[in-house]
Amino acid sequence: MAKLRILVADDHEIVRRGTLSLLEGESDLEICGEAVNGRDALDQARATNPDIVILDIGMPSLNGLEAARQILKEFPQTKILILTVHESEQVVREVLDAGARGFILKSDAARDLVAAVDALRKNKTFFTSKVAEMVLDGFLLKGHNPLRGAIGKGRLTPREREVVQLLAEGKTTKEVASVLGLGFKTADTHRTNIMRKLGLGSLSELVLYAVRNGIVQVAMPLDENEEVSDCA
5 MAKLRILVAD DHEIVRRGTL SLLEGESDLE ICGEAVNGRD ALDQARATNP
55 DIVILDIGMP SLNGLEAARQ ILKEFPQTKI LILTVHESEQ VVREVLDAGA
105 RGFILKSDAA RDLVAAVDAL RKNKTFFTSK VAEMVLDGFL LKGHNPLRGA
155 IGKGRLTPRE REVVQLLAEG KTTKEVASVL GLGFKTADTH RTNIMRKLGL
205 GSLSELVLYA VRNGIVQVAM PLDENEEVSD CA
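Numbering of the sequence shown is given in my numbering, commencing with residue 5 and proceeding in unit increments.
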């Protein structure tokens, strides 16, 4: 039987090493790559075509949820397993909407990680116990397809979500353009469209949106009156 090829992405080296150590003792598993952020994970997935990608959510440059969406768009056969410290209903919704098949709390990794990988290998889903209870209780499934969220009128495109994350992390429009390989005018147009779609008027509101919707994990405090403008 061919070994199951796994890519692990987490920006905290100690956590990443701990995850790897839990998997390396399994003779039927092969670690095909490591990544330190979501963008790196996407590049590694393109280079290695893994069977399973284990992603943290709160990574810089490109968060784990957006990385999951983009990996699955290019490699729909790949299984995504989210390994995180977050367990709110909103986070679980976002994880399921992104197409992940597994969700484990980092505190449960020692007990559940290998079992989760085995479940995904068999085309099953795996949720850490508390999240499984939430799903079974119907909090997430009422009128909601957990694996394919409907795209509402105001939803952002994948590119716009990338722009939101980079702006919320403190990058200027010029820096956003550089990171994403866009022209300045294109990046500025994305920013304008985002603010219009979301009905936001300041950078602080954009940061709050990004935090509340799991696009970024933390944000620096901002003056609520600060306008959305930056230098080229």
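C-beta atoms are modelled at their ideal positions from N, C-alpha and C, and glycine is treated no differently. Fair warning: this is a prediction, and the values are worked out from it, not measured in the lab.
In terms of residues, what are the limits of the beta strand (DSSP E) holding Leu24? For the purposes of this step, residue 24 is taken as residue 20 along the sequence shown, with counting starting at 1. If you look at Leu24, you'll find it isn't in any beta strand (DSSP E); it sits in the alpha helix (DSSP H) that goes 17–28.
Return yes when the Cβ of Leu85 is within less than 8 Å of the Cβ of Ile108, no when it is not. Translated into positions along the sequence shown, residue 108 becomes position 104. Translated into positions along the sequence shown, residue 85 becomes position 81. In this structure, Ile108 places its C-beta atom within 8 Å of the C-beta atom of Leu85.
Beta strand (DSSP E) segment containing Ile10, residue limits: Translated into the one-based positions of the sequence shown, residue 10 becomes position 6. Where Ile10 is concerned, the enclosing beta strand (DSSP E) stretches over 8–13.
In angstroms, rounded to a whole number, what distance separates the CA positions of Asp234 and Thr177? What you label residue 234 is simply residue 230 of the sequence shown in a count that begins at 1. What you label residue 177 is simply residue 173 of the sequence shown in a count that begins at 1. With a pLDDT of 47 at Asp234, under the threshold of 50, the modelled position of this residue cannot be trusted; read the value that follows with caution. Looking at the two C-alpha atoms, the distance is approximately 7 Å.
Just the Cα atoms here: how many angstroms apart are Val167 and Cys36? The residue given as residue 167 occupies position 163 in the sequence shown. The residue given as residue 36 occupies position 32 in the sequence shown. Per the coordinates, the alpha-carbon of Val167 lies some 29 Å from the alpha-carbon of Cys36.
Tell me which residue opens and which closes the beta strand (DSSP E) that Thr88 is part of. Locating residue 88 in the sequence shown gives position 84, where the first residue counts as 1. Where Thr88 is concerned, the enclosing beta strand (DSSP E) stretches over 83–88.
Residues near Val89 by beta carbon distance below 7 Å, same chain, minus five either side: What you label residue 89 is simply residue 85 of the sequence shown in a count that begins at 1. Counting only Cβ-Cβ distances below 7 Å, and skipping sequence neighbours, we find Leu109, Lys110.
Within 8 Å, strictly: CB atoms of Leu117 and Arg105: Numbered from its first residue, the sequence shown carries residue 117 at position 113. Numbered from its first residue, the sequence shown carries residue 105 at position 101. The answer is no: Cβ separation not under 8 Å.
Complete runs of the beta strand (DSSP E) confined to the region 48–114 [at least 3 residues]: 56–59, 83–88, 106–109
Exposed or buried, what is Asn67 when buried is set at 16 or more other beta-carbons lying within 10 Å of its beta-carbon? Taking the first residue of the sequence shown as position 1, residue 67 is located at position 63. Label assigned to Asn67: buried.
Proximity to Glu91 [Cα-Cα], best of Asp112, Glu38, Asn197: Taking the first residue of the sequence shown as position 1, residue 91 is located at position 87. Ranking the options by Cα distance to Glu91, first place goes to Asp112.
Pull up the distance between the alpha-carbon of Val17 and that of Thr52, whole angstroms please. The residue you call residue 17 lines up with position 13 of the sequence shown. The residue you call residue 52 lines up with position 48 of the sequence shown. Correcting the residue identity first, residue 17 is Glu in this sequence and not Val. Note on geometry: alpha-carbon atoms of Glu17 and Thr52 lie some 21 Å from one another.
Rounded straight-line distance, which links the Cα of Ile58 to that of Lys134: Counting from 1 along the sequence shown, the entry for residue 134 is found at position 130. Counting from 1 along the sequence shown, the entry for residue 58 is found at position 54. Their Cα atoms are separated by approximately 19 Å.
How many Å lie between Thr196 and Arg165 at the Cα? As a working mapping, residue 196 is identified with position 192 in the sequence shown. As a working mapping, residue 165 is identified with position 161 in the sequence shown. Distance between the alpha carbons of Thr196 and Arg165 is about 13 Å.
Going by C-alpha to C-alpha distance, which of Met63, Glu78, Ala72 sits closest to Arg50? Position 46 of the sequence shown holds residue 50. That would be Glu78, whose Cα lies nearest to the Cα of Arg50.
Contact defined as beta carbons within less than 8 Å: I believe Leu11 pairs with Pro54. What is the distance between those atoms, to the nearest angstrom? Position 7 of the sequence shown, counted from the first residue, corresponds to residue 11. Position 50 of the sequence shown, counted from the first residue, corresponds to residue 54. In this structure Leu11 touches Pro54 by the C-beta definition: roughly 4 Å separates them, less than 8 Å.
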